[in-house]
Each structure stands twice: as structure tokens, then as C-alpha cells.
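> Below you will find the structure I want to go over with you.
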Amino acid sequence: MIKLENQKWLEKAEWIQLIEGRTEQTSQFLFERAREIRNRYYGNEIYVRGLIEFTNYCKNDCFYCGIRKSNQDAIRYRLSLEEIMECCATGYALGFRTFVLQGGEDPYYSKNRMVEIISTIRKQYEDCAITLSIGEKDYDEYKAYYQAGADRYLLRHETADETHYQSLHPQSLSLENRKKCLWDLKEIGFQVGTGFMIGSPNQTSQSLARDMMFISELKPHMIGIGPFISHHKTPFSDEINGTLEETLYFIGLLRLLRPGCLIPATTALGTIDPRGREKGIQAGANVVMPNLSPVSVRKKYDLYDNKICTGDEAAECRNCLTQRMQNIGHQIVISRGDYKGE
Ligand code: SAM
Ligand code: FES
Numbered sequence: 233m234i235k236l237e238n239q240k241w242l243e244k245a246e247w248i249q250l251i252e253g254r255t256e257q258t259s260q261f262l263f264e265r266a267r268e269i270r271n272r273y274y275g276n277e278i279y280v281r282g283l284i285e286f287t288n289y290c291k292n293d294c295f296y297c298g299i300r301k302s303n304q305d306a307i308r309y310r311l312s313l314e315e316i317m318e319c320c321a322t323g324y325a326l327g328f329r330t331f332v333l334q335g336g337e338d339p340y341y342s343k344n345r346m347v348e349i350i351s352t353i354r355k356q357y358e359d360c361a362i363t364l365s366i367g368e369k370d371y372d373e374y375k376a377y378y379q380a381g382a383d384r385y386l387l388r389h390e391t392a393d394e395t396h397y398q399s400l401h402p403q404s405l406s407l408e409n410r411k412k413c414l415w416d417l418k419e420i421g422f423q424v425g426t427g428f429m430i431g432s433p434n435q436t437s438q439s440l441a442r443d444m445m446f447i448s449e450l451k452p453h454m455i456g457i458g459p460f461i462s463h464h465k466t467p468f469s470d471e472i473n474g475t476l477e478e479t480l481y482f483i484g485l486l487r488l489l490r491p492g493c494l495i496p497a498t499t500a501l502g503t504i505d506p507r508g509r510e511k512g513i514q515a516g517a518n519v520v521m522p523n524l525s526p527v528s529v530r531k532k533y534d535l536y537d538n539k540i541c542t543g544d545e546a547a548e549c550r551n552c553l554t555q556r557m558q559n560i561g562h563q564i565v566i567s568r569g570d571y572k573g574e
């Protein structure tokens with residue numbers, strides 16, 4: 233851990249040793265270091281992102297995901313431009329200065345439609361960041377989004393191990409293309425976020441070591457990790473969920489590896505433990521992402537079972553998180569919350 237903190241780089245065997253050396257004691261030591269490093273960059277400030285889940289149509293069939301195209305039981309929806317703008321207006325009034333547009337890979341939202349959505353938000357909310365999380369596109373499409381005013385892009389690599397990647401996705405998807413997308417996004421100028429699930433089926437210390445090494449190489453600005461949680465209508469319905477302890481440990485490790493990174497305490501973490509998001513912050517995270525989607529569609533963006541906050545209005549989510557953060561000595565701030573670190 234000391235070497236990781238000082239050199240921000242480890243060999244594969246060293247990663248494996250660190251991953252397999254997780255105990256209550258090493259975890260507590262790690263979280264202390266992680267908090268100190270996070271505070272150096274961000275103090276006790278927590279950034280909020282307003283998540284707008286604008287479509288649950290998806291042309292992909294990822295084995296872990298509840299909105300995969302083969303799930304015939306999913307009730308599909310799309311938000312119109314007007315509905316998206318209403319989410320932004322609600323969010324702005326609540327103090328959000330970053331909007332995250334997330335969805336399945338939905339061909340209905342063509343390049344032109346996305347450009348229209350992005351530029352409309354950009355025109356109306358000059359002081360806000362626009363983050364996209366809509367999967368794999370080609371270079372020109374990403375470039376068009378950037379030119380329309382999008383600032384950030386979230387695309388988890390999911391796993392940096394080839395064999396593991398193929399066990400989580402159908403043949404049509406490849407790790408190679410996922411990585412290419414991330415490099416393209418960086419080159420274009422986006423603040424880029426990647427990440428992976430903890431405890432996804434077939435994950436090993438080896439594959440996790442590769443995840444950490446890929447992150448060392450990519451140097452993303454944001455890193456999202458959360459536990460894998462099974463969904464009853466997927467091929468992984470009987471698989472075991474990722475654990476709170478392991479997820480927290482990786483949040484700590486990522487803070488040491490990438491000290492100035494924006495790291496959320498995710499909704500999935502809040503789903504496997506009632507205080508998961510608070511614990512995520514105490515392990516080194518500095519971002520929370522409450523939901524801004526209309527309550528009428530919340531339950532339909534059903535990535536995994538028992539997802540939290542599906543019945544709450546945006547204001548309730550915002551207030552709930554403000555209180556939760558205050559209870560642990562942190563403060564949610566009204567800010568775009570840009571990347572500060574190296
Ligand atoms: N379609 C976009 C993409 O592929 O990046 C964004 C939407 S996708 C649903 C967002 C993230 O949800 C994925 O990157 C994945 O890591 C996470 N996710 C999907 N199914 C999950 C599950 N069963 N448990 C935990 N996280 C899951
Ligand atoms: Fe496309 Fe999950 S399979 S978003």
C-alpha cells in the first residue's frame with residue numbers, strides 16, 4: 233500500500249498480493265490513507281451529479297444487465313427532449329450543476345437527436361457540465377457530442393481481462409472496442425470515466441489486477457465501481473452479488489492509485505447496504521449521483537434487483553443525500569465539480 237501511495241503504480245503480482253491481502257485491518261489502514269488523500273484534493277466537499285436515465289431501450293445483450301434486449305419483461309420507455317429539459321430544470325433548482333444523461337444503446341437517439349439534446353441543454357445551462365453515458369459510438373459521433381457541448385463521458389470498461397469480458401458479454405461486443413472508445417474519448421478532450429463491477433461472475437484476483445493496471449494506463453478522470461447485483465431476468469440470475477467490503481476496499485485502492493480522481497459512492501453500493509454510500513465516502517469516494525429521472529420511469533430503469541430510490545422524487549433524493557453526507561461530516565456543494573487532480 234505504501235508503494236502504491238508513493239509510486240502510483242504496481243506490477244501485476246503486487247496487485248494480486250494487495251487484492252488477496254484484504255483483511256479488516258488492512259482495509260481500515262487503507263481507508264484512513266484514502267480519506268487523507270481525498271481531503272487533500274477535495275476537503276470535505278462532495279459533488280453531486282443529477283442522473284437522468286432517458287431510455288431503457290438497448291440493442292445490446294450484456295449478460296448481467298436487467299435492461300438487456302432479451303429481457304422481454306422490461307417495460308421500455310424513452311424521454312422526449314421536453315421531458316429531459318424538465319428534469320434539468322428540476323435539477324438546476326435543486327442545486328445540480330452536472331447532468332448525466334444515461335441510457336441503453338438506443339438507436340432511436342441518433343447522432344442528430346443527441347446533438348439536439350446536448351446543444352439545447354448547453355444553451356440553457358451554460359454553467360453546467362453535461363456528462364454522457366450511452367455506450368460505444370464511433371469517433372465522429374463522440375466528436376459531434378463534444379462539439380455540441382458535452383464535457384464528460386462515462387464508459388466502464390467492465391473488465392480488462394479478455395476471457396472474462398467474453399464471459400460477461402455476447403460475441404458482438406469486444407474489450408478491444410470498449411478500450412478504443414475510451415482512448416478516442418480522451419483524445420477528443422472529454423473528461424473520461426471508466427470502471428467495473430465488483431464480484432461479477434468469473435472475476436478473479438488476476439482479472440481485478442488487470443483492471444487496476446488498465447486504469448493506471450488510461451489515467452481516467454472519473455472511476456465508477458459498484459457491486460455486481462443479480463437481476464432475476466438475466467442469465468446471471470442465480471449468481472452471487474459482489475460484497476460491500478470488497479467494493480469499499482477497491483474504492484480505497486483507486487483513491488491511492490488516482491489521488492485526484494472523481495469517485496462516486498454508487499447507487500449499487502447503497503443497494504447492498506443501507507449505509508453503503510456513506511461507507512463509500514468514508515473509504516475515499518467524493519461524488520454521489522442522485523436520480524433526476526421522472527418517478528414514473530424510475531422502476532423501469534431496472535439494471536439489477538431491489539435498486540434503491542425508485543419511488544422518490546428528485547428533491548427527496550437530494551435532501552436525503554444532503555442529510556446522509558452531513559451525518560458523516562461532509563457537505564454537498566453547488567458546483568460543476570470538475571476534476572482537480574493528476
Ligand atoms: N449503456 C451504457 C453503457 O454500456 O455504458 C450505460 C448504461 S449501463 C446500464 C451502466 C452500467 O451499469 C454498466 O456499465 C454496468 O457496469 C452497470 N450495471 C449493469 N448491470 C448491472 C448489475 N446487474 N449490477 C451492477 N451494475 C450493473
Ligand atoms: Fe445495454 Fe445494459 S445491456 S444498457
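If you count the sequence shown from 1, position 247 lands on 479 in this note's numbering, and the numbers rise without skipping.
Yeah, the Cβ is synthetic: ideal placement off N, Cα and C, and Gly gets one too.
Would you give the residue range spanned by the alpha helix (DSSP H) that H429 belongs to?
Reading the sequence as shown, one finds Met at residue 429 and not His. In the DSSP assignment, M429 falls outside any alpha helix (DSSP H) and within the unbroken beta strand (DSSP E) covering Q423 to I430.
> Starting from the C-beta of I307, find all residues in its chain whose C-beta is less than 6 Å away, skip the five residues before and the five after it, and write them out in chain order.
If we look at I307 and ignore the five residues flanking it on each side, its Cβ neighbours are K532.
> Residues around the ligand SAM, please: the ones whose beta-carbon is closer than 6 Å to some heavy atom of it, in chain order.
Y296, C297, Q334, G336, E337, S365, I366, G367, L387, R388, E390, M429, G458, F460, I461, H463, A500, L535 and Y536
> Give me the Cβ distance between I495 and G508, rounded to the nearest whole Å; I'm assuming they're in contact under 8 Å.
The Cβ separation is near 14 Å, so there is no contact.
> With a threshold of 6 Å on Cβ separation, who are the neighbours of M557 within its own chain once the five nearest residues in sequence on each side are excluded?
I278 and I564
> Could you say which of Q249, K244 and R272 lies nearest to P491 if we only look at CA atoms?
R272
> Can you tell which of I513, G298 and S528 has its C-alpha closest to the C-alpha of C538?
The identity of residue 538 in the sequence shown is Asn, whereas the question assumes Cys. Here the closest residue by C-alpha is G298.
> From M445 to Y536, what does the alpha carbon distance come to, in whole angstroms?
28 Å
> In the DSSP assignment, the alpha helix (DSSP H) including Q563 goes from what residue to what residue?
Careful: Q563 lies outside any alpha helix (DSSP H), inside the beta strand (DSSP E) at Q563 to V565.
> Return the CA-CA distance between Q438 and I248, expressed in angstroms with no decimal places.
6 Å
> Tell me which same chain residues have a C-beta within less than 6 Å of the C-beta of F286, skipping the five on either side of it?
L311, I316, L333 and G335
> List the whole-angstrom C-beta distance separating I513 from H562, where the pair is believed to meet the contact cut-off of C-beta under 8 Å.
6 Å
> Within 10 angstroms of its Cβ, does N206 collect 16 or more other Cβ (buried), or is it exposed?
The structure shown has nothing for residue 206, since the chain only spans 233 to 574.
> What three-state label does DSSP hand S302 in the structure shown?
coil
> In terms of alpha-carbon separation, which member of D544, K412, I430 and I455 lies closest to I504?
If we check each option's Cα against that of I504, I430 comes out closest.
> Identify the continuous beta strand (DSSP E) that holds M454 and give its terminal residues.
M454 to P459
> Have a look at A547 and K235 and give me their C-alpha separation to the nearest angstrom.
43 Å
> When the Cα of F468 is compared with those of F263, T363, L283 and Y296, which residue comes out closest?
Y296
> Below 8 Å on the Cβ atoms is my guess for L405 versus N292; work out the distance and round it to an integer in Å.
7 Å
> When you compare each of T479, R568, A441 and G484 to T499 by their alpha carbons, which one comes out closest?
The shortest C-alpha separation from T499 is found at T479.
> Would you mind stating whether S525 and I284 have Cβ atoms separated by less than 8 Å?
yes
> Near D338, what residues of its chain come up, given a Cβ to Cβ distance below 6 Å and the 5 sequence neighbours on each side ignored?
T287 and Y289
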